[in-house]
Structure formats: C-alpha cells, structure tokens
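Single-structure report; data block below.
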Amino acid sequence: MNDTIGTGGHVPVMLDRVLELLGPALTGPEPVVVDANLGLGGHSQALLDAHPQLHLIGIDRDPFAIDHSTRRLSPYADRITLVHASSGDLAEVLARAGRTTIDGVLFDLGVSSPQLDEAERGFAYSYDAPLDMRMDTSQELTAEEVVNTYSGAELTHILRDYGEERFAGRVSGLILKERAKERITSTKRLAEIVREAIPAATRRTGGNPAKRTFQALRIEVNAELSALEAALPAALDALALGGRAVVLSYHSLEDRLAKQALTARTRDTSPPGLPVPLPAHQPRFRLLTRGAELPSDEELARNPRAASARLRAAERIRVDD
Numbered sequence: 246m247n248d249t250i251g252t253g254g255h256v257p258v259m260l261d262r263v264l265e266l267l268g269p270a271l272t273g274p275e276p277v278v279v280d281a282n283l284g285l286g287g288h289s290q291a292l293l294d295a296h297p298q299l300h301l302i303g304i305d306r307d308p309f310a311i312d313h314s315t316r317r318l319s320p321y322a323d324r325i326t327l328v329h330a331s332s333g334d335l336a337e338v339l340a341r342a343g344r345t346t347i348d349g350v351l352f353d354l355g356v357s358s359p360q361l362d363e364a365e366r367g368f369a370y371s372y373d374a375p376l377d378m379r380m381d382t383s384q385e386l387t388a389e390e391v392v393n394t395y396s397g398a399e400l401t402h403i404l405r406d407y408g409e410e411r412f413a414g415r416v417s418g419l420i421l422k423e424r425a426k427e428r429i430t431s432t433k434r435l436a437e438i439v440r441e442a443i444p445a446a447t448r449r450t451g452g453n454p455a456k457r458t459f460q461a462l463r464i465e466v467n468a469e470l471s472a473l474e475a476a477l478p479a480a481l482d483a484l485a486l487g488g489r490a491v492v493l494s495y496h497s498l499e500d501r502l503a504k505q506a507l508t509a510r511t512r513d514t515s516p517p518g519l520p521v522p523l524p525a526h527q528p529r530f531r532l533l534t535r536g537a538e539l540p541s542d543e544e545l546a547r548n549p550r551a552a553s554a555r556l557r558a559a560e561r562i563r564v565d566d
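Set out below in structure tokens:
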C-alpha cells in the first residue's frame, strides 16, 4: 500500500502502470474491479475516474482505511462497495456481493503510511509506542502478545521465515531473557533488544537492525501471507475472459507468492511427450510483465517509499468449459 497522506499528498505506487495494465480489461459496459487492499483509496479513485461505468469493490481490514476511503470516494458512492474484511476473505466478499466474475483485481500489499506514521499503531521502530501492529484494530492478537507469549522456537521461526533475519536465534533468545525480567510492551524496548542481539559488525550496514524483526512480527500478527495465499487464487478464479490481475508487493516473501501463483497458471500442464497439448491442460493466463517491474527513477524521486515495490500482472486468456 505504501501511501503518503496529507492534503493532496496521497501518492499511489506505480499508478500510471497500474492503470495501463488494468485498462484493457475494463472497457465493457459494466466492468467490475476489486481493490483487495484499499488503503487510502488512491488507486481506486484513479480507476473510477478513468472508467465511468466501473463498479469497484474495495476490501481492507483496517477500519481507518474504510472510513477514509468512504469519504474520499463519496462522489462515486453509487459505483462502490467497500467492505471491512481481510483480503483473504475475497471469495466470501464476492459471494455476498453477488459477483460470480470480475474484470480486474489489484493487490497493493504491505503496510500503509498511516499505519507507519501514526505512532500509536506500533508498526514503526522509529517511534516509541505500544507494541500493537494490528491492521484490524478489532482483532485480539497484538505484537506484544507474540513477543511475550510465543515460545523461543516459534519466535525464531517467525523471525527467520517472515523477517529473513540471519540472527533469528540470537534475537529470540534475548527476547526470552528480557521478557523473563519484565514484559516487553513498547516498540522502543523491542528495538533496543534487537539491536543488542545483532553483532556489532552487522549493525554497521543495512539500516536499522530492527527492520526485519518488525516486518516479521507484523506479518505474523496480521496473517499477511496466508491472506495472500487465499486471496490471489480466489481472485484469479473469478476473473472473466480478458480479465487482468495486478500485484504490487514490497518484500521478497510477497513477491515470491505472487510469482508462484501467476506463473503456475501460465504453464501448459499436459503430460510430456504428447504430440499435441491437451485443451484441459493449456494455460488459462498469460503474463503481462517480464519478471517483476520496478518503479521508475522519476517515481522514486517523488515517492521514496515506492523503492521496494515490485509489480507483476497477468491476463486470463482461457476459461474452463
């Protein structure tokens, strides 16, 4: 999502490219597109502006995002359906909306700027705040609960797999040691513990040493990867012939899942050695991007938070009989 907020300051990542890729799928009389990570509604507003007949279904687990986008998109009120839900519930959202097919879907993954910039949300190591990190503030699990109640093995797994932290064992070990003295409740204290656990030579490069730990905890608290694993196949299944999917990811774990989901559907799965491909095994999709596309230098100058963005897209070229 990686938006900036302020008066006129909302900068949707790779907006022109998103519009270019989704545009050909939205030329019908009543196209439907799903914004699976609504955020501040910047991509959605641009799509609604560009396609006057478009109906947009926006999904977000953050109540702030739903409230903000409801106000922002009020001029299009008769053409939008905004739903407070996880993107992992996409199939259920479409069923409740009575939509059996859609023409486009956008996944703008990751954490949004309001979540990063509002200290009390507890996402950022640069602020001293309660250890929260919930995108959906109505859920019970917080980063504080994870840090103070998960076993050493569970913490090591999360830090290694979700944060790609080389020193996951050292960090989790020091967390256990420190929480035995006193419950860890603040972002500042956790960042201090991580810094102490990381070898001094490693701390000199690569930015704040707490970055990987905070990413890992955020992914765990919000079940981000499992949501994507459920949502992306559901969205692809719902795409009509000619429908298009665009995925913006911000770290390698998200991008890997997107790559796997998209490329798996572009392969011919006929058994090897057959003289002709079997129709039932021919690809249902074609890739619209060669690898992962990166933001332009011009965009990075305008919106530095787009630096980690990776874009992939695909189009449905066959439907099941």
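Just so we're aligned, residue 246 is where the sequence shown starts under the working numbering, counting upward by one.
Where is the CB? At the ideal position from N, CA and C, for every residue including glycine.
Provide the residue span of the beta strand (DSSP E) that contains residue i, from first to last.
i	result
G349	I347 to D353
L532	F530 to L532
V578	The structure shown has nothing for residue 578, since the chain only spans 246 to 566.
Quick one, which of the options has its alpha-carbon nearest residue i's?
i	options	result
P320	F412, R415 and L301	L301
E275	H296, T458 and L266	H296
E423	E437, E410 and R411	E437
K504	S541, P478, S417 and I429	P478
L267	Y495, D565, R557 and A340	R557
N393	R512, R428 and A446	R428
D373	A552, S331 and T432	T432
T534	D513, V491 and P517	V491
L435	V391, T508, T382 and G343	V391
P444	R463, V416, G273 and T430	V416
S331	L299, R316, A322 and Q384	Q384
S314	A425, A291, V277 and A446	A291
A340	N548, G536, D482 and Q298	D482
D565	L523, Q298, A342 and A506	L523
L299	R316, R324 and G286	R324
S471	T450, E499 and A446	E499
T387	A506, G536, A546 and I464	I464
L400	T447, N453 and F459	F459
R316	N548, G286, A336 and N453	G286
L260	V277, D294 and T272	D294
A425	Y395, A342 and L271	Y395
L507	V521, G536 and D381	G536
Just to confirm, are residue i and residue j a CB contact at a threshold of 8 Å?
i	j	result
D305	G284	yes
A476	A281	yes
R510	R529	yes
R457	G408	yes
R489	G349	yes
L532	A559	yes
P308	H288	no
G397	L419	no
L354	L484	no
V263	L318	no
G256	P540	First, the amino acid is wrong: residue 256 is Val here, not Gly. The answer is no: Cβ separation not under 8 Å.
G487	R563	no
L376	A461	no
What distance in whole Å lies between the Cβ atoms of residue j and residue i, which are believed to be in contact at a cut-off of 8 Å?
i	j	result
I347	L327	I347 to L327, Cβ: 15 Å. No contact.
L502	E474	6 Å
R379	V466	6 Å
P480	V279	The identity of residue 480 in the sequence shown is Ala, whereas the question assumes Pro. Yes, they are in contact, since the Cβ atoms of A480 and V279 sit about 6 Å apart, within 8 Å.
T430	E389	6 Å
D513	H526	6 Å
In this structure, what does DSSP give as the bridge partners for residue i?
i	result
R557	V492
I325	L301
E538	L556
P375	S431
L484	I347
Along the chain, where does the alpha helix (DSSP H) that runs through residue i open and close?
i	result
V338	L335 to R341
S383	Premise fails: S383 is in no alpha helix (DSSP H) and is neither H nor E.
R563	Looking at the DSSP string, R563 is not in any alpha helix (DSSP H), and its letter there is neither H nor E.
T401	G397 to G408
T432	T432 to A442
F412	That residue, F412, is in no alpha helix (DSSP H); it is neither H nor E in DSSP.
N467	K456 to N467
S314	P308 to R317
L264	L260 to L267
A509	S497 to A509
R448	A445 to R448
Q290	G287 to A295
Please find out if some non-hydrogen atom of the ligand MN comes closer than 7 Å to the beta-carbon of residue i.
i	result
L285	Looking at this structure, you won't find the ligand MN or any other ligand, since it has none at all.
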